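Participant:
Numbering (the working numbering), first residue to last: 864 to 993.
1. Taking only runs of the beta strand (DSSP E) that begin and end inside the region 953–982, which ones reach a length of at least 3 residues, in chain order?
2. Identify which residue in 888, 874, 964 and 956 has its Cα closest to the Cα of residue 894.
3. Assign residue 884 to one of three DSSP states: helix, strand, or coil.
4. What are the boundary residues of the alpha helix (DSSP H) that residue 917 is part of?
5. Using C-beta distances below 8 Å, list every residue in its chain close to residue 872, excluding the 5 sequence neighbours before and after it, in chain order.
6. Over what stretch of residues does the alpha helix (DSSP H) that includes residue 896 continue unbroken?
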């Protein structure tokens, strides 16, 4: 089962996708990713910087962000990524909602297809439940 948490709300909404276990404990992979890196000397500033990106998106959607900060990584499946330094947060867009799924640290010039696949599966599961 899936759920979501509202991260930022405005003209648009930024939501984090959560996974509810059989014991009803809920994890939010994108938020866990950011929380884990927020105290890191190497990635802390970038992790904390996502908050500002989310606020800008909530205020005006894609038009408030450059293509370097927010762009589509899988046009066929509708998967997007927020970019801050070497950190990547994958998501999908439904209406006025951007739904965060998972994150990764950039390791090469190419998009990590394993992480994109996770986002695709999350999107499919979300559509089944909502």
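All C-beta atoms in this analysis are idealised placements derived from N, C-alpha and C, irrespective of residue type, glycine included.
Owing to the predicted nature of the structure, the values given are computational and were not obtained by experimental measurement.
Facilitator: Short version:
1. You should have 960–968.
2. 964
3. coil
4. 907–923
5. 921
6. 892–901
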